[in-house]
């Protein structure tokens with residue numbers, strides 16, 4: 001049986017960059033879409049998973065699940081255009097495997 005710790009969620013929190021950094025540094029993993037949060041977590045070396053559209057912003061390149069700029073980042077891509085359900089199913093599987101490794 002997996003043992004889970006509470007998940008902390010900050011949605012829409014209006015914080016300055018220092019506040020965001022402190023929050024992220026207290027987490028085991030940041031999960032976000034393609035936002036400044038992804039870049040901030042990656043730049044801080046915090047494990048971060050990023051949900052990307054089928055055709056993402058150019059900086060995420062194509063057909064890879066890592067980032068050459070952020071070694072702690074894992075990229076999750078829509079398997080088909082508009083298929084967020086498939087992306088989050090893959091993310092859920094990866095998260096359950098991560099929890100099982102503890």
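In the numbering used here, the protein residues as written are 1 to 102. Even for Gly, the Cβ is constructed at its ideal location relative to N, Cα and C.
When beta bridges are read from the DSSP output, residue 92 appears opposite no residue. Cβ-Cβ distances below 7 Å link residue 49 to 29, 31, 74, 76 and 91 in the same chain, with the five nearest sequence neighbours on each side left out; the list follows chain order. In this structure the segment 77 to 97 touches the segment 53 to 65; the number of beta carbon pairs closer than 8 Å is three or more. Distances from the alpha-carbon of residue 87 to those of 19, 25 and 33 put 33 closest.
Less than 8 Å separates the beta-carbon of residue 44 from that of residue 25. Using a Cβ distance threshold of 8 Å, residue 99 and residue 70 do not count as a contacting pair. As a beta-bridge residue in DSSP terms, residue 32 pairs with 50.
In the DSSP assignment, residue 75 forms a beta bridge with 50.
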